[in-house]
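**Student:** Here the protein sequences come in this chain order: G and P.
When we follow UniProt numbering, the leftmost residue of the first sequence carries the number 1, and every step to the right adds one.
When we follow UniProt numbering, the leftmost residue of the second sequence carries the number 1, and every step to the right adds one.
Before I ask anything, let me first share the structure, which is written out below as structure tokens.
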Amino acid sequence: MTPGERRRILITGGTAGLGLALARHLAPRHDVMVTGRQASAAVSANLPATCRYVEADLAAPVDAAAAVEAALEQAGWDGLDHAVLNAATGHSPAGGLEDAATIRRTLDVNLVSTLLLARMLHPHLSVRKGLLTLVGSVARRGTALFPAYAASKAGLHGFGRALRSEWRGSVGVQVIHPGPMRTGMHEKAGHDPGPLGRFFLDPADAAAMMAHDLATRRSPVTLGWLRYLSGATFWRPRL
Amino acid sequence: MSEREKCALVTGASSGLGAALTDRLLARGYRVVTVDHRAPPGSPDRQRLQVTCDLADRTALDRTLPVLLDAGPYDVVLLNAGISATGRFEAMPPAVLERVVRVDAEAPMVMAAALLQAESLAPGARLGFVSSLSHFTGYPGAAAYAAAKDALAVYARSIRKAASRRGVTVSTIFPGPLDTAMARRHAPADASAEKRLPPSQAARLVLEGLEKRRRVIVPGRVPLVYAGLGRLFPGAATALMRRLVFEKLDRETW
């Protein structure tokens, strides 16, 4: 694939946070399809006008994979260049332990959906020798603040590591671990980062760094301050 | 000191490492509660309470949890039950992928959280999660299994603080290939069984590690070397696993 060529890109969880920032970053030069769990009318004002939107709730992994597959067919996309599996949910439990329902929901949205989407997307990506990007988190090494979230992200890391080896030569696989960002995810998870929040990365900067990583296909990658300060938002190959 | 009888909970006790752990705990005089997919053979006895539950079935697990909480408090809990799925990832049916994550990660996470929240682990108790050596090496050919076992290992690390507030030590066990029916089912046909650690020996090392309150238990010397190499050279370790396992897989098993 030549640099600068128009690409077909699927982004899950593209209605807020990093997913939305990435969609905005890529939409001017590429064909972007975004998934989210809200109804189309509720999100269209926020999304770039050229973005396609699919409603798919990843808490029901089987149905979500079917909905995304149907949308790809409807759009007439016979192949994909990039799939960025970014959607995730997290919860910060008081006392450090989640209840069963939260653990199950976190694993369904963050891990099982990713497995089922990756499996469904394999033929679409292999047509164009595309790249599957899994969005993990620096929390994948473990944190008492979000145990089930950290577990699900560690699962993505192990999955990406194995799959990158398995799919070598047909589809690229990459895992990107962003550090904390000002995305509102901490608030949604019920955790107040306090004054530390001021030092979190801007999602637009993280998206710019991520676009470079999509171009280089490296894995695993960590998106943090160190890379930001080295000029990674503009320094590397362009997608 | 109270004269209370020591009590243990072991999941996946009908075969392999779980059976060996249960035997050792019984021999040491523990009362053992076992949880299995199907009722294990042999007559039930006073020392052993057998509970049947498919850990992939959320409703069944929710029904079983109160029974397990009632049978406590426990001094040792070993969340050992696991299943694998080997072959090309894209060939695995969605139901299999879901089942692997539920049995290998979700069920032990839900059980550990419920046991800790209900104070069903006695102060000073040991909580052991059985992950896999693949946490250190990567595992092409079992991508969903590797994902679930990594998730479990990091969950164990993440709840250590919450557990220690209740006086409970968390250990994570990373067994390499064991000489069990599961390994025979999933290994490439030409893999030699002599190199695999006998489950009885692995069980002894695991219980020793729990005794010493080790956070990380890798039973056996060879697996320990692999774990160290995987830590230092993750890329090379996964490439080696690809050659040793993925390229030799002659069938798909789940």
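Ideal Cβ positions, reconstructed from N, Cα and C, are used throughout, including at glycine.
1) With respect to the alpha helix (DSSP H) encompassing glutamine 74 of chain G, which residues constitute its N-terminal and C-terminal limits?
2) By the criterion of Cβ-Cβ separation under 8 angstroms, what are the contact partners of phenylalanine 129 of chain P in chain G?
3) Note down, in chain order, all residues in the segment 151–174 of chain P with a beta-carbon under 9 angstroms from any beta-carbon belonging to chain G.
4) With a CB to CB cut of under 6 angstroms and the five nearest residues on each side skipped, what residues in its chain are close to residue 240 of chain G?
5) Give a yes or no on contact between the segment 102–112 of chain P and the segment 145–156 of chain P, applying the rule of three or more CB pairs nearer than 8 angstroms.
6) For arginine 4 of chain P, name the three-state secondary structure that DSSP assigns.
7) Would you call the CB atoms of glycine 96 of chain G and lysine 161 of chain P closer than 9 angstroms?
8) Check whether the Cβ atoms of arginine 77 of chain P and proline 123 of chain P lie closer than 9 angstroms to each other.
9) Can you give the beta carbon distance from glutamate 252 of chain P to threonine 86 of chain P, rounded, assuming they're within the 8 angstroms contact cut?
10) Please classify glycine 231 of chain G: is it buried, with 16 or more other beta-carbons within 10 angstroms of its beta-carbon, or exposed?
11) Along the segment 142–155 of chain G, where does the CB come closer than 7 angstroms to a CB of chain P? Name the residues.
12) Taking the alpha-carbon of leucine 80 of chain G as reference, which of G:Val62, G:Gly130, G:Gly90 and G:Ala151 has the nearest alpha-carbon?
13) Ignoring anything shorter than 4 residues or poking outside the segment 69–130 of chain G, list the alpha helix (DSSP H) runs there in chain order.
14) Is the number of C-beta pairs between the segment 194–209 of chain G and the segment 151–169 of chain G that are closer than 8 angstroms three or more?
15) Would you mind stating whether glycine 230 of chain P and phenylalanine 89 of chain P have Cβ atoms separated by less than 9 angstroms?
16) What's the C-alpha gap between glycine 176 of chain P and leucine 224 of chain P?
17) Please go through the same chain and pick out, in chain order, the residues whose beta-carbon is closer than 6 angstroms to the beta-carbon of methionine 1 of chain P, but skip the five residues on each side of it.
18) Between glycine 82 of chain P and proline 198 of chain P, what straight-line distance do the alpha-carbon atoms span, to the nearest angstrom?
19) Can you check whether the CB of leucine 111 of chain G is closer than 9 angstroms to the CB of leucine 156 of chain G?
20) Counting only C-beta atoms, is glycine 130 of chain G closer than 9 angstroms to chain P at any point?
21) What residues from chain P crowd round leucine 163 of chain G, counting only those whose CB sits closer than 7 angstroms?
22) Candidates P:Leu232, P:Arg48 and P:Thr180: which alpha carbon is nearest residue 277 of chain P's?
23) Compare the C-beta of glycine 96 of chain G against all C-beta atoms of chain P and say whether one is closer than 9 angstroms.
24) Can you tell me where the beta strand (DSSP E) with histidine 177 of chain G in it begins and where it stops?
25) Do glycine 179 of chain G and valine 138 of chain G have their beta-carbon atoms positioned less than 9 angstroms apart in this structure?
26) What's the gap between the Cα of methionine 33 of chain G and the Cα of glycine 235 of chain P?
27) Can you have a look at arginine 119 of chain G and say buried or exposed, based on whether 16 or more other CB atoms are within 10 angstroms of its CB?
28) Just to confirm, are histidine 122 of chain G and isoleucine 9 of chain G a CB contact at a threshold of 9 angstroms?
29) Compare the C-beta of aspartate 202 of chain G with all C-beta atoms of chain P and state if any pair is closer than 9 angstroms.
30) May I ask you to report which of helix, strand or coil DSSP gives serine 165 of chain G?
31) Starting from residue 264 of chain P, trace the alpha helix (DSSP H) in both directions and tell me its first and last residue.
32) Assign threonine 233 of chain G to one of three DSSP states: helix, strand, or coil.
33) Let me check one thing: in DSSP terms, what residues is leucine 10 of chain G bridge-paired to?
34) In the DSSP assignment, find the unbroken beta strand (DSSP E) run with glutamate 208 of chain P in it and report its ends.
**Tutor:** On the basis of the data shown:
1) The residue you call residue 74 of chain G lines up with position 74 of the first sequence. Element bounds for glutamine 74 of chain G: 61–74.
2) Translated into the one-based positions of the second sequence, residue 129 of chain P becomes position 129. Chain G residues near phenylalanine 129 of chain P: none, gap ~11 angstroms exceeds 8 angstroms.
3) Ala151, Leu152, Ala153, Val154, Tyr155, Ala156, Arg157, Ser158, Ile159, Arg160, Lys161, Ala162, Ala163 and Arg165
4) For residue 240 of chain G there is no data in the structure shown, the boundaries of chain G being 1 and 239.
5) yes
6) Taking the second sequence and counting its residues from 1, the one referred to as residue 4 of chain P is at position 4. Looking at arginine 4 of chain P - three-state DSSP - the assignment turns out to be coil, as it is neither helix nor strand.
7) Position 96 of the first sequence holds residue 96 of chain G. Position 161 of the second sequence holds residue 161 of chain P. Taking 9 angstroms as the Cβ cut-off, glycine 96 of chain G and lysine 161 of chain P qualify as a contacting pair.
8) Walking along the second sequence from the start, residue 77 of chain P turns up at place 77. Walking along the second sequence from the start, residue 123 of chain P turns up at place 123. Correcting the residue identity first, residue 77 of chain P is valine in this sequence and not arginine. Going by C-beta atoms, valine 77 of chain P is not nearer than 9 angstroms to proline 123 of chain P.
9) Stepping through the second sequence from its first residue, residue 252 of chain P is reached at position 252. Stepping through the second sequence from its first residue, residue 86 of chain P is reached at position 86. That pair is a contact at about 7 angstroms.
10) Numbered from its first residue, the first sequence carries residue 231 of chain G at position 231. Result: exposed.
11) Gly142, Thr143, Ala144, Pro147, Ala148, Ala150, Ala151, Ser152, Ala154 and Gly155
12) Locating residue 80 of chain G in the first sequence gives position 80, counting from the first residue. Measuring from the Cα of leucine 80 of chain G, the nearest candidate turns out to be G:Gly130.
13) 100–107 and 113–127
14) no
15) As a working note, residue 230 of chain P is residue 230 in the second sequence. As a working note, residue 89 of chain P is residue 89 in the second sequence. No. Outside cutoff.
16) Locating residue 176 of chain P in the second sequence gives position 176, counting from the first residue. Locating residue 224 of chain P in the second sequence gives position 224, counting from the first residue. Their backbone Cα atoms lie some 9 angstroms apart in a straight line.
17) As a first step, residue 1 of chain P is located in the second sequence; it is residue number 1 there, counting from the start. With a pLDDT of only 42 at methionine 1 of chain P, under 50, the local geometry of the prediction cannot be trusted, and no value is derived from it.
18) By 1-based counting over the second sequence, the position of residue 82 of chain P is 82. By 1-based counting over the second sequence, the position of residue 198 of chain P is 198. Answer to the nearest angstrom: the Cα atoms are 18 angstroms apart.
19) Here residue 156 of chain G refers to the residue found at position 156 of the first sequence. Here residue 111 of chain G refers to the residue found at position 111 of the first sequence. For leucine 156 of chain G and leucine 111 of chain G, yes; Cβs fall inside 9 angstroms.
20) For the purposes of this step, residue 130 of chain G is identified with residue 130 of the first sequence, where counting begins at 1. Closer than 9 angstroms: no.
21) For the purposes of this step, residue 163 of chain G is taken as residue 163 along the first sequence, with counting starting at 1. Neighbours of leucine 163 of chain G on chain P, chain order: Phe89 and Ala143.
22) In this structure chain P extends from 1 to 254, so residue 277 of chain P is not present and cannot be described.
23) The residue you call residue 96 of chain G lines up with position 96 of the first sequence. Yes - at least one Cβ of chain P is within 9 angstroms of the one on glycine 96 of chain G.
24) Your numbering for residue 177 of chain G matches position 177 in the first sequence. Residues 172–178.
25) Working through the first sequence from its first residue, we reach residue 138 of chain G at position 138. Working through the first sequence from its first residue, we reach residue 179 of chain G at position 179. In contact: valine 138 of chain G and glycine 179 of chain G (Cβ atoms closer than 9 angstroms).
26) Start at 1 with the first residue of the first sequence, and residue 33 of chain G comes out as number 33. Start at 1 with the first residue of the second sequence, and residue 235 of chain P comes out as number 235. Rounded to whole angstroms, methionine 33 of chain G to glycine 235 of chain P spans 32 angstroms at the Cα level.
27) Indexing the first sequence from 1 puts residue 119 of chain G at position 119. The residue in question, arginine 119 of chain G, is buried, as its Cβ has 16 or more Cβ neighbours within 10 Å.
28) For the purposes of this step, residue 122 of chain G is identified with residue 122 of the first sequence, where counting begins at 1. For the purposes of this step, residue 9 of chain G is identified with residue 9 of the first sequence, where counting begins at 1. For histidine 122 of chain G and isoleucine 9 of chain G, no; Cβs fall outside 9 angstroms.
29) Against the first sequence, residue 202 of chain G aligns to sequence position 202. Closer than 9 angstroms: no.
30) For the purposes of this step, residue 165 of chain G is taken as residue 165 along the first sequence, with counting starting at 1. DSSP places serine 165 of chain G in helix when its eight states are reduced to three.
31) With chain P represented from 1 up to 254, any question about residue 264 of chain P goes unanswered, as that position is not in the structure.
32) Mapped onto the first sequence, residue 233 of chain G falls at position 233. Note: threonine 233 of chain G maps to coil in three-state DSSP.
33) Stepping through the first sequence from its first residue, residue 10 of chain G is reached at position 10. Paired residues: G:Met33 and G:Ala83.
34) Translated into positions along the second sequence, residue 208 of chain P becomes position 208. Counting along the chain, glutamate 208 of chain P falls outside any beta strand (DSSP E), though it belongs to the alpha helix (DSSP H) covering 199–211.
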